[in-house]
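Engineer: Heads up: the sequence shown at position 141 corresponds to 141 in UniProt numbering, and the numbers run straight through without jumps.
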Amino acid sequence: MDLDIFASKFHLLLWALLATPVIYVLTTVTYELFFSPLSHIPGPKLAACTRLYEFYYDIVLHGRYTFKIAELHKKYGPIIRISPGEVHINDPEYYETLYSINGPRNKDSWFIESFDVAQSAFATLDHRLHRPRRALIAPYFSKARVQRVQSLIQNKLQKLTNRLNEVARSGKPLKVDVAFNCFTADVITSYTSFRGLNYLDDPDMVPIWSETVRNLVEVGMIARHLPGFFPLLASMGMKWIQRIYPKLLPVIAFRMKCAQEVNFMWENEEKASEDFAKNSLSQEPALFQDMVAKAPDTPDITEARVLHEYITIVAAGTETTAHTMTICTFHVLNDEQVLRKLRAELEEAFPDKKEMDLQTLEQLPYLTGIIYEGLRLSYGLSHRLQRICPTDPLKFRDVVIPPNTSIGMSSALIHHDESIFPKSHEFIPDRWTDLEDRKRLNRYLVSFSKGARQCIGMNLAFAELYMAVATVFRTFDMKLHETTVDDVRLHSDMMLPHAKPGSKGVRVVIDPI
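1) Write down every uninterrupted run of the beta strand (DSSP E) in the stretch 385–466 whose length is 3 residues or greater and which is fully enclosed by it, in chain order.
2) DSSP beta-bridge partners for aspartate 493?
3) Leaving out the 5 sequence neighbours to the left and right, which residues in its chain are closer than 6 Å to residue 514 when beta-carbon positions are compared?
4) If you draw a straight line from the alpha carbon of glutamine 289 to that of alanine 144, how long is it in whole angstroms?
5) Would you identify the three-state DSSP class for glutamate 86, choosing helix, strand or coil?
6) Residue range of the beta strand (DSSP E) that aspartate 511 falls in?
7) Can you tell me whether alanine 135 is buried or exposed, with buried defined as 16 or more other CB within 10 angstroms of its CB?
8) Could you check which residue in Ile407, Arg384 and Gln386 has the C-alpha nearest to that of lysine 395?
9) Just how far apart, CA to CA, sit arginine 507 and glutamate 267?
10) So, is glycine 171 buried or exposed, given that buried needs 16 or more other C-beta atoms within 10 angstroms?
11) Let's test the definition: count the other Cβ atoms within 10 Å of the Cβ of methionine 467 and tell me whether it reaches 16, buried, or not, exposed.
12) Distance check for arginine 163 and asparagine 334, CA to CA, integer angstroms please.
13) In the structure shown, what three-state DSSP assignment does methionine 205 receive?
14) Nearest to arginine 376 by alpha carbon, out of Lys354, His323 and Pro390?
15) Classify methionine 236 as helix, strand or coil using the three-state DSSP reduction.
16) Does the distance from the C-beta atom of lysine 247 to that of valine 219 stay below 9 Å?
17) Does the count of Cβ pairs from the stretch 209–225 and the stretch 177–184 closer than 8 Å reach three?
18) From this set, Arg214, Leu226 and Phe229, which residue's C-alpha is nearest proline 250's C-alpha?
19) By the 10 Å Cβ neighbour count, where 16 or more other Cβ atoms means buried, how is valine 87 classified, buried or exposed?
20) Is it buried or exposed for glutamate 270, if we count other Cβ within 10 angstroms and need 16 for buried?
21) Run through DSSP, which three-state label would arginine 105 get?
22) Please state if the CB of tyrosine 372 and the CB of leucine 460 are separated by a distance shorter than 9 Å.
23) Note down, in chain order, each residue of its chain lying with its Cβ closer than 7 Å to the Cβ of residue 514, except the 5 sequence neighbours on either side.
24) Quick one: grab the DSSP three-state call for phenylalanine 247.
25) Find out if the Cβ-Cβ distance for the pair glycine 63, methionine 409 is shorter than 9 Å.
26) Just curious, the beta strand (DSSP E) that methionine 356 is in, first and last residue?
27) Considering only C-alpha positions, which residue in the set Thr97, Ala470, Ile79 and Pro92 is nearest to glutamate 347?
28) Candidates Val149, Ser120 and Tyr65: which alpha carbon is nearest glutamate 284's?
29) For leucine 381, which of Gln337, Ile370, Glu436 and Lys450 has the nearest alpha-carbon?
30) My output table needs one value for valine 25: the three-state DSSP class, helix, strand or coil.
31) Just to confirm before moving on: does the CB-CB distance between histidine 383 and alanine 412 stay below 9 Å?
32) Would you mind working out which of Ala138, Tyr199, Arg387 and Glu166 sits nearest phenylalanine 111, comparing C-alpha positions?
33) Would you check if the distance between the CB atom of isoleucine 313 and the CB atom of serine 114 is smaller than 9 Å?
34) Please classify arginine 51: does DSSP put it in a helix, a strand, or coil?
35) Is the beta carbon of glutamate 309 less than 9 Å from the beta carbon of isoleucine 188?
36) Can you give the Cα-Cα distance for isoleucine 89 and isoleucine 80, rounded to whole angstroms?
Encoded structure:
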C-alpha cells in the first residue's frame, strides 16, 4: 500500500516537472502573440516569442540578423517586431523623430549592459543622468577645440607618414587598417589623456590593436545572449580562454591597459600633469586629467567612471574612424578616375606639398565627397541603435508604439535606401560635391547617429578623416594588393561591420610620389 502511494506521488511529481516548462512556453507564447502591448506590430511569430530567433542569426550565423531584418521589412512593411520587447523601423524620414534632440530617450539595458561600462555617458541608460554626464565631456570635442589641436593631428600624421615610408622601402604589402588604427589610437589618447598609447612608435605598428576593438564589441554582443559565459571563461584562466575563445584575450589586455592608465592618473595626479605638460602637443587641457581634478567636488566622478569613459572614448575613437579611412582608401584606389580627380584637387590646393590645414581641406568638394561616401559605406556602427521613450507613446504612421518600448533603426539599411542613394552599393563621391545635394543627403547620413546621444567625437573624426586621407594620397602612390570589393563589403554585422570570412583586409603596396 505504501509503495502504491509512493509511486502515485512520484508520478505526480514527474508530470509536474514535465508540465511546468510546457505550461511556461504556452503561457509565454499566448501572452506575446495576443496580449503583449506589441502584439499589434507585424513580424515573425517566433521572434515575437523569444530572443532565440535573434540568437540564431547573430550568434550561430555570426552577425546576420541585420540582413534578416532587411528581408523581414520587405515582407511585413516598414515597422516590425524583431524580439519580444523590440521594434525595428526602416523609414529614413522617421530617424530624427526616434533619435530626437529634445525628446527624452533612454537606452536599452539588455543591449548596453553587457559591455560593462555602465558609468560612461555612452552606456548611461536614463536620459536624466546621461545629460549631465555628456555635458561634462562634450566641450572637449567641440569643433573650435578640434580646430585648435591640428598640430597634434599633424604630429601623428608625420609619424604615420614615416612609417608608411618604411613600408614603401621594404616593398612589403601593408594591411592599411593596422596603420590607420594606430594613428587614430595615438590621436585620441594624446588628445584626451596625459600620454598617448604611441602605437605608431612600435616597429610592427601593433597589428593586434586593429582587431582588439572589434573583439571588444563582439564579446559584448555575444554576452547579451550568454551573460554568464565570459565571466565563467575568465575565471578558468588564460589557457582555457586561449582554447575556447581566444578573441577574449586582447579584450582583457585592453581593459587592463585602460585600468593602468586611469589608475596612474587617479593616484598620481601631479605626476600625470607634469608628464602631460612635458609631452603635450597642444595647449588644450586633457579630458581625463580634468575629470580626475574635478573628482573631489563632483560625487559622480569616481575612478570607475573615469575608467568607463576612457574605455568607451578610446574604443569609439579608433576603429570606426580607421575603418572609414580604410573604406576610402580601397575605393579611391579601385577607381582610377576617382584617384585622378582627388590628386588633381589636392595638387591644385597644395602645390608644394606643405602641411595641409583643416580649414582649406574642408572646402575641397571632391575630397569632401570621398569622406562622406566613406562614412556612408562604413556605416559607423552597422548595428541597430535602440532608443526608448520612457514617458509617452510614439506614433509611426498609424501604428502606436507604447512607452518603454525598445525601438531601433540601422545605418546599414538607411545608407542603402535606393530612393535616397541611387546605386547605393557604388562609391560615388560626386553625389556629395554640390552643396545643395550635400545638405539634402546629409540628413540621411547617420554614421554618427543623431539627436541628444549623437557620437560625441564627430568633429575630431572629421578632422582626422580630412587630414589623413588628404595626406596619404598627396604623399604616396599606392596600389591594391590581392584585395577586392569583398574585402570591404558588409558581410556580418557584429555591431561593427565585418567583411567576408577569411578576408585579409585591404592591403596595398606603397611608393612615395
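Heads up, the beta-carbon is just placed ideally off N, CA and C, and yes, glycines get one too.
Note that the structure is a prediction, hence the values are computed from the model and not measured.
Structural biologist: Working from what's here:
1) 385–388, 394–396, 399–401 and 406–409
2) The residue given as residue 493 occupies position 493 in the sequence shown. Aspartate 493 is bridged to Pro497.
3) What is shown of the chain runs 1 to 513, which leaves residue 514 out entirely.
4) Against the sequence shown, residue 289 aligns to sequence position 289. Against the sequence shown, residue 144 aligns to sequence position 144. Between glutamine 289 and alanine 144, the C-alpha separation is close to 20 Å.
5) By one-based count along the sequence shown, residue 86 stands at place 86. If DSSP states are grouped into helix, strand and coil, glutamate 86 belongs with the strands.
6) Sequence index remark: in the sequence shown, residue 511 carries index 511 (1-based). Aspartate 511 -> beta strand (DSSP E) spans 507–512.
7) Residue 135 sits at position 135 when you count from the first residue of the sequence shown. Exposed: under 16 other Cβ atoms inside 10 Å.
8) Here residue 395 refers to the residue found at position 395 of the sequence shown. Closest option to lysine 395, Cα to Cα, is Ile407.
9) Translated into positions along the sequence shown, residue 507 becomes position 507. Translated into positions along the sequence shown, residue 267 becomes position 267. Cα-Cα distance, rounded: 43 Å.
10) For the purposes of this step, residue 171 is taken as the residue at position 171 of the sequence shown. The residue is exposed, with fewer than 16 neighbouring Cβ atoms inside 10 Å.
11) Against the sequence shown, residue 467 aligns to sequence position 467. When all chains shown are included, methionine 467 counts as buried.
12) The residue labelled residue 334 in the question sits at position 334 within the sequence shown. The residue labelled residue 163 in the question sits at position 163 within the sequence shown. Using only the alpha carbons, I get a separation of about 23 Å.
13) The residue you call residue 205 lines up with position 205 of the sequence shown. Looking at methionine 205 - three-state DSSP - the assignment turns out to be coil, as it is neither helix nor strand.
14) Residue 376 sits at position 376 when you count from the first residue of the sequence shown. Comparing Cα positions, the closest option is His323.
15) The count along the sequence shown starts at 1 and reaches residue 236 at position 236. Looking at methionine 236 - three-state DSSP - the assignment turns out to be coil, as it is neither helix nor strand.
16) For the purposes of this step, residue 247 is taken as residue 247 along the sequence shown, with counting starting at 1. For the purposes of this step, residue 219 is taken as residue 219 along the sequence shown, with counting starting at 1. Result yes, Cβ atoms of lysine 247 and valine 219 sit closer than 9 Å.
17) yes
18) Your numbering for residue 250 matches position 250 in the sequence shown. Of Arg214, Leu226 and Phe229, the residue nearest in Cα terms is Arg214.
19) To locate residue 87, count along the sequence shown from 1; it is residue 87. Buried, because 16 or more other Cβ atoms sit within 10 Å of the Cβ of valine 87.
20) Residue mapping note: residue 270 aligns to position 270 of the sequence shown, counting from 1. Per the 10 Å Cβ criterion, exposed.
21) As a working note, residue 105 is residue 105 in the sequence shown. Note: arginine 105 maps to coil in three-state DSSP.
22) Position 460 of the sequence shown, counting from 1, holds the residue named residue 460. Position 372 of the sequence shown, counting from 1, holds the residue named residue 372. Not closer than 9 Å, so no.
23) Outside the modelled stretch of the chain, which goes from 1 to 513, sits residue 514, for which no answer is possible.
24) Taking the sequence shown and counting its residues from 1, one reaches residue 247 at position 247. Position check: residue 247 holds lysine in this sequence, whereas phenylalanine was assumed. If DSSP states are grouped into helix, strand and coil, lysine 247 belongs with coil.
25) Taking the first residue of the sequence shown as 1, we reach residue 63 at position 63. Taking the first residue of the sequence shown as 1, we reach residue 409 at position 409. No; because the gap between Cβ atoms is not below 9 Å, this pair is not in contact.
26) By 1-based counting over the sequence shown, the position of residue 356 is 356. First-last for methionine 356: undefined, no H or E at that position.
27) For the purposes of this step, residue 347 is taken as residue 347 along the sequence shown, with counting starting at 1. Per the Cα distances, Ala470.
28) Mapped onto the sequence shown, residue 284 falls at position 284. For glutamate 284, the nearest C-alpha among the options comes from Val149.
29) Residue 381 sits at position 381 when you count from the first residue of the sequence shown. The option with the nearest alpha carbon to leucine 381 is Lys450.
30) Numbered from its first residue, the sequence shown carries residue 25 at position 25. Three-state result, valine 25: helix.
31) Locating residue 383 in the sequence shown gives position 383, where the first residue counts as 1. Locating residue 412 in the sequence shown gives position 412, where the first residue counts as 1. Cβ distance < 9 Å, so histidine 383 and alanine 412 count as in contact.
32) For the purposes of this step, residue 111 is taken as the residue at position 111 of the sequence shown. Checked all of Ala138, Tyr199, Arg387 and Glu166; the closest Cα to phenylalanine 111 is Arg387.
33) Mapped onto the sequence shown, residue 313 falls at position 313. Mapped onto the sequence shown, residue 114 falls at position 114. No, the Cβ-Cβ distance between isoleucine 313 and serine 114 is not below 9 Å.
34) For the purposes of this step, residue 51 is taken as the residue at position 51 of the sequence shown. In the structure shown, arginine 51 sits in coil (DSSP, three-state: anything other than H, G, I, E or B).
35) The residue you call residue 309 lines up with position 309 of the sequence shown. The residue you call residue 188 lines up with position 188 of the sequence shown. It is not a contact, given that the beta carbons lie outside the stated cut-off.
36) Your numbering for residue 89 matches position 89 in the sequence shown. Your numbering for residue 80 matches position 80 in the sequence shown. Looking at the two C-alpha atoms, the distance is approximately 7 Å.
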